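First residue of the sequence shown: 325, per the numbering used here; consecutive thereafter. Here's the structure, in structure tokens; my notes come after.
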Amino acid sequence: MTALTDARPQYLLADKGYDSDAIRTALRANGIRPVVPPRSNRKKPVRWNRRIYRQRNRIERMIGHLKINRAIATRYDKLARSFLDALHIAAIRQCLRRPIL
């Protein structure tokens, strides 16, 4: 298992606020594909993957649930490992609340 810091992302999922040519160029230079919808006032159209962008909603909802969890929102751990362990427990609790299909 590799550490999270060693993992290289394939995509950056972001909202229209991150739609700039400079950000897109920097991401591509690092081997990351930007999945950012274009702003309505963009002069030059850009391509973006709508199917992958839909996954952003799932990520936002999970983070929202974790932020509601008081144990995570008020955590001031000295070690990153302790905080990550608390995140894992909160995520497991959230998954256990959902019905199994």
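We put the beta carbon where it would ideally sit given N, CA and C, even for glycine. These figures come from a predicted structure and were not determined experimentally.
Does the distance from the CB of residue i to the CB of residue j come in under 8 Å?
i: Y335; j: V359; result: yes
i: H377; j: L403; result: Checking the sequence shown, residue 377 turns out to be Tyr, not His. It is not a contact, given that the beta carbons lie outside the stated cut-off.
i: D343; j: R380; result: no
i: L390; j: I383; result: no
i: R417; j: F407; result: no
What would DSSP say about residue i, mapped onto helix, strand or coil?
i: R332; result: coil
i: L411; result: helix
i: R394; result: helix
i: R366; result: coil
i: R357; result: strand
i: L403; result: coil
Shortest alpha-carbon distance to residue i belongs to which of the options?
i: D345; options: P333, C419, P362 and G355; result: P362
i: G341; options: S364, H412, T349 and R352; result: S364
i: I387; options: T349, N354, A350 and H412; result: H412
i: W372; options: A415, A410 and D339; result: D339
Just checking my contact of residue i with residue j at CB under 8 Å: how many whole Å lie between their CB atoms?
i: P333; j: I356; result: 6 Å
Do you know how far the Cα of residue j is from the Cα of residue i?
i: D330; j: A350; result: 19 Å
i: D401; j: R421; result: 26 Å
i: A415; j: D409; result: 10 Å
i: I375; j: R405; result: According to the sequence displayed, residue 375 carries Arg and not Ile. So the two alpha carbons sit approximately 33 Å from each other.
i: N354; j: I392; result: 34 Å
i: R394; j: K368; result: 44 Å
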